[in-house]
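Enquirer: Just so we're aligned, residue 1 is where the sequence shown starts under this note's numbering, counting upward by one. Pasting a structure below so you can have a look.
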Amino acid sequence: MITIAIGLSIILLLVILYLLFRIGTLASIFRGSTERAAGTTKVSNRVNGTLLLLFLIVGGAAFAWSFVDAWDTMNLPLASLHGEWTDSLFWTTMTVIGVVFVITQILLFIYSYKYQHKDNKRAFYYPHNNKLEIVWTLIPAVVMALLVFGGWQTWTKITSAAPDNAVVVEIVGKQFNWMVRYPGQDGKLGVAKTSLIDATNELGVDFSDPNSHDDIINPLQIHVPKGKPVLLKIRSRDVIHSVFMPHFRLKMDAVPGMPTKFWFVPTKTTAEMATETGNPDFKYELACTEICGRGHFAMRYVIVVDEPEDYEAWLASQKPFVEQNPQVLAKFQQESSEKLVADAEKGTAEEVKTEL
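So this is what it looks like as structure tokens:
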């Protein structure tokens, strides 16, 4: 708040000074004093040019200070393998753009001061220069091409196929919470169908599929092992959501009707990150970064990175969904039996009809 107040005060002061000089110029004109007005215009140009240089210096210093002051807030500690590639690409791009921005802004304000209006000064007519046109077209084109190529290489590595031994976690977004599913001991997720979604079976899991009988659904926290690849299978039940895990530099949209995925390798446990940050209550977080409605703020999930052996112990302690909700499995089994009986009766009727 103090920083904002100081910035607003500086801007207000500059605006007041500018308006005072404008008022003085207009007053001179209305009084009919041409010479005085001309003199005031010259003074006004010098003052405006000086204020522009002052704004460059003060604004540049304020920007540098705010950047350094907010460094820890905007540059969260890194906790994934591919995050190093992402950060490297980001800061390379920011360095190139930042250098160009600083140079162009300095020249803009200096030229505004140096080339202010003077009665005895005439513009120099400089219509065209082919060499200059080629230089300032080729250099940005080459730099941008290199940045795009570097970005493509990084994106290709990040979105490559996950290793076969990756831990699989399904994340499903809906208004307004995340739902999570782990495969059980068989390592395979059961089939899910939107037509099977109801108040109990929110993911629409088909429990007639044997692979679903040991699936773990909606644990209190998402647990993943340190140093092992984790494959996130992402989908949405209603509108577009977005899976965002800032410390892992992970972001992928959850799109209805179009499953997406993202894999990463955690490199620091929650306990290690708590020690590094000096925050004993530190928690990794899954958040939604796509405005999805009034309850968007509620779409959060705590992520815990464990040592591999601790992760295995946690996974073994989780009960499959069908053990916690036996009525769901019983319902599917009953419906499956009724379907078999109906099919058998239909088949018998068809045979009788054929004989007749």
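Even for Gly, the Cβ is constructed at its ideal location relative to N, Cα and C. Bear in mind that the values here come from a model prediction, so they are computed numbers and not experimental data.
What is the DSSP secondary structure of LYS174, reduced to helix, strand or coil?
Expert: Reading the sequence shown from its first residue, position 174 is the one you call residue 174. Strand at LYS174.
Enquirer: Are the region 76 to 87 and the region 245 to 261 in contact at 8 Å, needing three or more beta carbon pairs?
Expert: yes
Enquirer: Whole angstroms is fine: what's the gap from ASP119's alpha carbon to PHE55's?
Expert: Counting from one through the sequence shown, the residue named residue 119 turns up at place 119. Counting from one through the sequence shown, the residue named residue 55 turns up at place 55. For ASP119 and PHE55, the distance between alpha carbons rounds to 26 Å.
Enquirer: Can you grab the Cα-Cα spacing for the pair GLU35 / ASN45, in whole Å?
Expert: Taking the sequence shown and counting its residues from 1, the one referred to as residue 35 is at position 35. Taking the sequence shown and counting its residues from 1, the one referred to as residue 45 is at position 45. Bear in mind that the predicted position of GLU35 carries a pLDDT of just 48, short of 50, making it unreliable; the figure below should be weighed with that in mind. Between GLU35 and ASN45, the C-alpha separation is close to 15 Å.
Enquirer: Rounded to whole angstroms, what's the CA-CA distance from TYR301 to MET252? Just pull it up for me.
Expert: Here the question's residue 301 lines up with position 301 in the sequence shown. Here the question's residue 252 lines up with position 252 in the sequence shown. If you take the alpha carbons of TYR301 and MET252, they lie about 15 Å apart.
Enquirer: Name the two residues that bound the continuous alpha helix (DSSP H) containing PRO308.
Expert: The residue labelled residue 308 in the question sits at position 308 within the sequence shown. PRO308 -> alpha helix (DSSP H) spans 308 to 317.
Enquirer: Which first and last residues belong to the alpha helix (DSSP H) in which MET74 is found?
Expert: The residue given as residue 74 occupies position 74 in the sequence shown. MET74 -> alpha helix (DSSP H) spans 71 to 74.
Enquirer: Which runs of the alpha helix (DSSP H) spanning at least 4 residues fall entirely within the region 63 to 137, listed in chain order?
Expert: 71 to 74 and 81 to 114
Enquirer: Return the chain-ordered list of same chain residues with a C-beta closer than 8 Å to the C-beta of GLU276, the five sequence neighbours on each side being excluded.
Expert: Against the sequence shown, residue 276 aligns to sequence position 276. The residues are PRO77 and LYS268.
Enquirer: Would you list the one or two residues that DSSP bridges to HIS241?
Expert: Here residue 241 is taken as the residue at index 241 of the sequence shown, counted from 1. Answer is ALA254.
Enquirer: Quick check: the Cα distance between TYR111 and THR154, rounded to an integer number of angstroms?
Expert: Position 111 of the sequence shown holds residue 111. Position 154 of the sequence shown holds residue 154. If I take the Cα positions, the gap works out to 40 Å.
Enquirer: Could you please give the first and the last residue of the uninterrupted alpha helix (DSSP H) stretch that includes PHE248?
Expert: Looking up residue 248 in the sequence shown gives position 248. First-last for PHE248: undefined, no H or E at that position.
Enquirer: Roughly how many whole angstroms lie between the Cα atoms of PRO256 and VAL230?
Expert: Indexing the sequence shown from 1 puts residue 256 at position 256. Indexing the sequence shown from 1 puts residue 230 at position 230. Those two C-alpha atoms are separated by around 22 Å.
Enquirer: To the nearest angstrom, report how far apart ALA199 and VAL172 are at their CA atoms.
Expert: Here residue 199 is taken as the residue at index 199 of the sequence shown, counted from 1. Here residue 172 is taken as the residue at index 172 of the sequence shown, counted from 1. The C-alpha of VAL172 is placed about 15 Å away from the C-alpha of ALA199.
Enquirer: Any chance the region 92 to 112 sits against the region 160 to 175, with 3 or more Cβ pairs inside 8 Å?
Expert: no
Enquirer: Where does SER160 fall in DSSP's three states?
Expert: Here residue 160 corresponds to residue number 160 of the sequence shown, with the count starting at 1. The answer is coil: DSSP assigns SER160 none of H, G, I, E or B.
Enquirer: So, helix, strand or coil for THR289, using DSSP?
Expert: To locate residue 289, count along the sequence shown from 1; it is residue 289. Three-state DSSP puts THR289 in coil, outside helix and strand.
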